[in-house]
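Asks:
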Amino acid sequence: MIENKIMKEKISALADGELSDFETRRILSEISSNPEYREFWKNIHQGKEALRNEESEFFDIDISNRVSFGLDKVQPKFSEKIKKHKYPKASYVAASIFGFCAVIISSLIPPSVESFSDIASQRIVDAIGSPEALEVLNSSVSGLGILQDFKSNQKGTLANYRVPNSTKTFKVSLYPIKEINKIGFGEATRISYIKSKDGTYVVSVSGNISTEKKNQILQNAIFFAEKIN
Amino acid sequence: MKISNKDLDLGLVKRAKAGDYQAFDLLVLKYQSRLISTAFKFVKDQQIAEDLVQDSFIKSFKSIGSFREDSTFYTWIYRITVNTSKNYLVSKKRKDELIQTDISKEENYVIEPIDKDTPENLFHASQLHKIIIESLNGLGEDTKTALTLREFDGLSYEQIAEIVNCPVGTVRSRIFRGREVIDDAIKEYRKDHQASYAEIKS
Chain A
2 MIENKIMKEK ISALADGELS DFETRRILSE ISSNPEYREF WKNIHQGKEA LRNEESEFFD
62 IDISNRVSFG LDKVQPKFSE KIKKHKYPKA SYVAASIFGF CAVIISSLIP PSVESFSDIA
122 SQRIVDAIGS PEALEVLNSS VSGLGILQDF KSNQKGTLAN YRVPNSTKTF KVSLYPIKEI
182 NKIGFGEATR ISYIKSKDGT YVVSVSGNIS TEKKNQILQN AIFFAEKIN
Chain B
20 MKISNKDLDL GLVKRAKAGD YQAFDLLVLK YQSRLISTAF KFVKDQQIAE DLVQDSFIKS
80 FKSIGSFRED STFYTWIYRI TVNTSKNYLV SKKRKDELIQ TDISKEENYV IEPIDKDTPE
140 NLFHASQLHK IIIESLNGLG EDTKTALTLR EFDGLSYEQI AEIVNCPVGT VRSRIFRGRE
200 VIDDAIKEYR KDHQASYAEI KS
């Protein structure tokens, strides 16, 4: 608690340009790795803007993860640095969820998929139903949606999101392939498969958002799964 | 001497130039909302505005070595965002022309920002401003003075310490305490704001 306060006081000083170079260097990774510190940094600046009557109506949107993912695609070394700090729990997910090489397949399930589910380890199934699975989904939709509610158990995770500043909603799910019947397929549902040595998993996106956005979420999910491996 | 915004960002910019993405990430967190507002004025679509700002940040990080620091980082990234938004509209116009050759209403593609000051937006903006002012007024006198001198007058911690006759460390703590209260108020407002959308939805 005290450490948390000390760190936030340093973040406050950094926002005012009052932190030494040495201290700045030390706290940057701390801020990157801690959502609470990131929010505090963001709120300091939103507070400053609001005091000057310059606040944005998009104050609750955060696209920072999308930017870091985008940069990783072109310059992997930078996002690699962030990843290590930003998703500490993700290493658990990494060990648990996917040992992955990921593929997007827009066709239906191949007949042999059942065998993948048969060999899915309990360790991975546990991870699918863990809070970290939700973190995977949240990372995938970062900036695109605000989490409304979710259901999670050992058979999968289903999360509902709302598009920021809109009434549009969409669902993202992560299931082992044997639970594919949990996905309510419709014309608007986009899915991708993540295949690992331990099994095949299905990520699906459905709802009232564009196909482009759905594809982006799927790509983010796959990208994130690859990165945390 | 006041601390300019240019100086505030300079340390982070220098680090970003040296390849420190974590420093750049803080600039993203700091400016993303304002830039999405800027892009939204052009494209009138929030998701497209977010995409354009994402692209703008990626472009800026890739070319940050060419940023000469004779303007603020915000001015620089703002220009990139405006140009990216305009390019998007030009590209969209070309695509539409290919599909529909008879475009008589050329004014549909006038590349000028639209007015986003709708009553709803103004209401939310003024609400947040009001809430933060209320939080500021609820602070103890010492805390309020330190934060006011910093936020409204842009004074450095050292200058504030001289004015209020206390150590610099005390100024730093007081400003932090004030920001904690404002942070809580913003969080609470954000929660209510999101709940109101959920209510509209239901």
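Top line first, the protein sequences correspond to chains A and B. With our numbering applied, the first sequence closes on residue 230, and no number is skipped along the way. With our numbering applied, the second sequence closes on residue 221, and no number is skipped along the way. Think of the CB as a built atom: it goes at the ideal place given N, C-alpha and C, for glycine as much as any other residue.
#1: Any Cβ of chain B within less than 9 Å of the Cβ of A:LYS152?
#2: If you count every other CB in all the chains shown that lies within 10 Å of the CB of A:PRO36, and 16 or more means buried, which is it?
#3: Between the beta-carbon of B:GLY197 and the beta-carbon of B:ALA165, is there less than 9 Å?
#4: Spatial neighbours of B:SER123 within its chain, please: CB distance less than 6 Å, with the 5 preceding and 5 following residues excluded, ordered by chain position.
#5: What are the boundary residues of the alpha helix (DSSP H) that includes A:ASN66?
#6: Any chance the stretch 38-47 of chain A sits against the stretch 8-21 of chain A, with 3 or more Cβ pairs inside 8 Å?
#7: Once DSSP output is grouped into helix, strand and coil, what is the label at A:LYS152?
#8: Indicate the three-state DSSP secondary structure (helix, strand or coil) for B:LYS111 in the structure shown.
#9: Starting from the Cα of A:VAL142, find the closest Cα among A:GLU56, A:PHE70, A:ILE178 and A:SER153 and give me that residue.
#10: When the cut-off is 9 Å and only beta carbons count, does B:GLY30 lie next to chain A?
#11: Please report the straight-line C-alpha distance between A:HIS46 and B:ILE67, rounded to a whole angstrom.
#12: Starting from A:LYS43 and walking both ways along the alpha helix (DSSP H), at which residues does that stretch end?
#13: Strictly below 7 Å CB to CB, what residues from chain A border B:LEU48?
#14: Measure from the alpha carbon of A:ASP1 to the alpha carbon of each residue in A:GLU19, A:GLY144, A:SER140 and A:ASN161, then state which is nearest.
#15: In terms of DSSP beta bridges, what is B:SER90 paired with?
#16: Excluding sequence positions up to five away, which residues of its chain have a Cβ less than 7 Å from the Cβ of A:ILE218?
#17: Taking the DSSP output, what are the residues bridged to A:LYS172?
#18: Using a Cβ-Cβ cut-off of 9 Å, state whether A:ARG191 counts as contacting chain B.
Replies: Taking the definition as stated:
#1: No - not a single Cβ of chain B is within 9 Å of the one on A:LYS152.
#2: Burial check for A:PRO36: the Cβ neighbour count within 10 Å stays below 16, so the residue is exposed.
#3: Yes, the Cβ-Cβ distance between B:GLY197 and B:ALA165 is below 9 Å.
#4: Since pLDDT at B:SER123 reaches only 43, below the 50 mark, its modelled position is unreliable, and the value read off the structure follows with that caveat. Same-chain partners within the cutoff: there are none.
#5: 65-75 is the extent of the alpha helix (DSSP H) around A:ASN66.
#6: The answer is yes - the stretch 8-21 of chain A touches the stretch 38-47 of chain A, with three or more Cβ pairs under 8 Å.
#7: Here A:LYS152 sits in strand by DSSP.
#8: Residue state, collapsed to three classes: helix.
#9: Nearest Cα to A:VAL142 within the set A:GLU56, A:PHE70, A:ILE178 and A:SER153: A:PHE70.
#10: At a cut-off of 9 Å between beta carbons, B:GLY30 contacts chain A.
#11: Spanning the two alpha carbons is a distance of roughly 24 Å.
#12: Start and end: 36-52.
#13: Within chain A, the residues placing a beta-carbon under 7 Å from that of B:LEU48 are ARG39, TRP42, LYS43 and SER65, ordered along the chain.
#14: With chain A covering 2 to 230 only, the question about residue 1 of chain A has no answer from this structure.
#15: Beta-bridge annotation (DSSP): B:SER90 is not paired with any residue.
#16: By the criterion of a C-beta distance shorter than 7 Å, A:ILE218 is surrounded in its chain by SER141, VAL142, LEU145, VAL173 and VAL206, once the five residues flanking it on both sides are discounted.
#17: For A:LYS172, which the question treats as bridged, DSSP gives the partners A:ASN161 and A:SER207.
#18: The beta carbon of A:ARG191 sits no closer than 9 Å to any beta carbon of chain B.
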